[in-house]
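First residue of the sequence shown? That's 1 in full-length UniProt numbering, and the numbers climb one at a time after it. Beta carbons are placed, not taken as given, at the ideal position from N, Cα and C, and that holds for glycine. Working notes, beginning with the structure itself.
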Amino acid sequence: MIYLDHNAITPMRPEAKAAVRDALEVFGNPSSVHAAGRAARDLLDGARERVARAVGAAPAEIVFTSGATESAALAIRGVLGAAPAGRRRLVVTAVEHPCVLSLARALERSGTPLTVVPVDRRGQVDPEAFRAALGPDVALACAMRANNETGGVLPVPELAAAARDAGAPFFCDAVQAAGKIPLDVRALGADLVALTGQKFGGPRGAGVLWVAPGLPLAPVLGGEQERGRRAGTENLPGVAGLAAALEAAVAAVAEEGPRLAALRDRLEAGLLAAVPRARVNGAGAPRLPGTLSITFEGCDAEALLMAMDLEGVCASAGSACHSGSTRPSGVLLALGLSDADARATLRLSLGWTTTAEDVDAALRIVPPLAARVRGAIAGPA
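Listed below in structure tokens is the structure:
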């Protein structure tokens, strides 16, 4: 199998698997005061310290969640729940992940004012346009660090500074950035940052919300865990595996970043040369090293993906959370692509298990399949 869908989920790292196995033997409840509970608390505290160290935070600022979707919901609903009178509006970018944008639109339908800041054809947000969208009525501003479909890296420090000047807290979805590019939560300038373990070699079902000290955050559910910010008995195997994976990914960023960028560039150049009328989305802007969004004009991406799957190549047409929808990707439409071109786009994402042989195999397999799918769509001459 040639796995080129790391932005959807990445295979677990051996360090994470070992940490999960060990944690399964620690059966106590971290909230219990007896010996079994204290052992569980020690494991939980250790994982919290390791995560904090990896992202430049203090342990008390780390909240463990079930993943990015919950982290985003806690950030958005938690800030809105604690916002002062007169601050109710949300500001988000047009390329946010569905866990942010869909929630923001649902809140809008129930009366929360919403402003969506557009992006240019490269998927970039103009900091001045973002600043212009802010005002004294904004409860929370949101912008992702790196886009899950195009890999575009947004200028979050500038956007966060604009929010700070407007007196609004700033939430950053850093799910795709963690373990792929350097990530320091304080350097971002954000007040809340979301991560999830499955994107950097950790287990499913474990995530993080970093909360800046002193930020008012109303809990979404009642309970005393996580300093009263997130209720529910903590997922010890999940957070142990997440911490181990994050440590390993962060330690490898300096080597893995250039390696994956070189492989991505090789894959990109090969596909552009072999497939006529192909173009890269987000080209010319800062991008994650392992993400390639490429449009094969006149080619049905879903049909191509099925053909690729039969040849052992795993990829996607965009966000895994969008897969199966009859609507084209909102991210690609926000970049200005037509419906037809959005439906003709593949996302190929590389990760820690990707090899040069994988790229070479993809370059042998994908171009003739794209030509075949195009021919089937065009029909007989």
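Beta-carbon gap between residue i and residue j smaller than 8 Å
i	j	result
Val220	Gly111	no
Asp137	Arg89	yes
Phe27	Ala36	yes
Ala177	Leu246	no
Glu234	Leu44	yes
Ala162	Ala194	no
Ala146	Leu288	yes
Ala16	Gly201	yes
Gly135	Ser293	no
Ala301	Pro367	no
Gly351	His34	no
Residue range of the unbroken beta strand (DSSP E) whose run includes residue i
i	result
Ser349	345 to 349
Ala218	Here Ala218 belongs to no beta strand (DSSP E), and DSSP marks it neither H nor E.
Arg21	Arg21 -> not in any beta strand (DSSP E); alpha helix (DSSP H) instead, spanning 14 to 23.
Arg89	89 to 93
Leu332	Taken as a continuous stretch (DSSP letters only), Leu332 belongs to no beta strand (DSSP E), being part of the alpha helix (DSSP H) at 330 to 334.
Reference residue i, options the options, closest by Cα
i	options	result
Cys299	Leu292, Ala317, Ala16	Ala317
Ala243	Thr65, Arg121, Pro328, Gly135	Thr65
Glu224	Pro30, Asp22, Ile2	Pro30
Pro157	Leu188, Leu140, Asn148, Asn147	Leu188
Ser121	Ala60, Asn281, Gly351, Ala361	In the sequence as displayed, the identity of residue 121 is Arg instead of Ser. Here the closest residue by C-alpha is Asn281.
Gly214	Pro169, Pro182, Ile181, Leu288	Pro169
Ala231	Ala371, Arg287, Asp265, Ser71	Ser71
Ala68	Phe171, Tyr3, Ala356	Phe171
Thr291	Thr345, Asp309, Ala251, Val91	Thr345
Val140	Asp165, Ala301, His6, Arg87	The identity of residue 140 in the sequence shown is Leu, whereas the question assumes Val. Checked all of Asp165, Ala301, His6, Arg87; the closest Cα to Leu140 is Arg87.
Asp360	Pro286, Ala262, Pro203, Ser102	Ala262
Whole-angstrom distance between residue j and residue i, CA atom to CA atom
i	j	result
Met144	Gly330	15 Å
Thr10	Arg227	30 Å
Ala240	Gly205	12 Å
Gly197	Val373	36 Å
Arg13	Thr354	13 Å
Ala269	Arg259	16 Å
Val208	Ala75	11 Å
Pro84	Gly167	11 Å
Ala381	Ser338	Since pLDDT at Ala381 reaches only 47, below the 50 mark, its modelled position is unreliable, and no value is offered.
Arg253	Leu271	First, the residue type needs correcting, since residue 253 is Val and not Arg in the sequence shown. Those two C-alpha atoms are separated by around 26 Å.
Arg364	Pro127	41 Å
Ala315	Arg38	44 Å
Ala303	Glu149	19 Å
Ala218	Val91	19 Å
Leu114	Ala132	14 Å
Ala362	Arg266	11 Å
Leu310	Ala340	24 Å
Val100	Arg264	28 Å
Ser349	Tyr3	9 Å
Pro155	Ala285	11 Å
Ala249	Pro203	13 Å
Gln124	Glu96	12 Å
Glu297	Leu335	16 Å
Residue range of the alpha helix (DSSP H) that includes residue i
i	result
Arg53	35 to 55
Cys299	Here Cys299 belongs to no alpha helix (DSSP H), and DSSP marks it neither H nor E.
Ile62	Looking at the DSSP string, Ile62 is not in any alpha helix (DSSP H); the run it does join, the beta strand (DSSP E), is 62 to 65.
Val175	No alpha helix (DSSP H) holds Val175; DSSP gives it neither H nor E.
Gly28	Unbroken run through Gly28: none, as it is neither H nor E.
Arg77	68 to 82
Gly207	Premise fails: Gly207 lies in the beta strand (DSSP E), 207 to 211, not in any alpha helix (DSSP H).
Val156	156 to 165
Leu288	First-last for Leu288: undefined, no H or E at that position.
Ala252	236 to 274
Arg109	98 to 109
Val125	Premise fails: Val125 is in no alpha helix (DSSP H) and is neither H nor E.
Leu188	185 to 188
Ala340	339 to 342
Other residues of its chain near residue i: CB distance less than 6 Å, five sequence neighbours each side excluded
i	result
Ala320	With a pLDDT of only 49 at Ala320, under 50, the local geometry of the prediction cannot be trusted, and the value read off the model is given with reservation. Cβ neighbours of Ala320 beyond the five flanking positions: Ala8.
Met1	Gly312
Pro237	Val20, Ala23, Leu24
Ser323	Unreliable placement is indicated for Ser323, whose pLDDT of 49 sits below 50; no coordinate value is reported for it.
Arg41	Pro30
Arg279	Thr295
Pro216	Ala82
Ala212	Asp191
Arg50	Ala243, Glu247
Val153	Ala146, Pro286
Residues near residue i in its chain [Cβ-Cβ closer than 7 Å; skip 5 each side]
i	result
Ala342	Pro328, Ser329, Leu332, Leu333
Trp210	Val55, Ala57, Glu61, Ile62, Val185, Leu192, Val193
Ala376	none
Close Cβ partners of residue i (< 8 Å) along its chain, the five nearest in sequence each way excluded
i	result
Arg186	Gly56, Ala57
Ala129	Val117, Pro118
Ala307	Leu369, Arg372, Val373
Ala283	Arg122
Ala52	Ala58, Pro59, Glu61, Ile62
Residue i CB to nearest heavy atom of the ligand GTP below 7 Å
i	result
Ala94	Judged by which ligands are present, the structure shown has none, so any question about the ligand GTP falls away.
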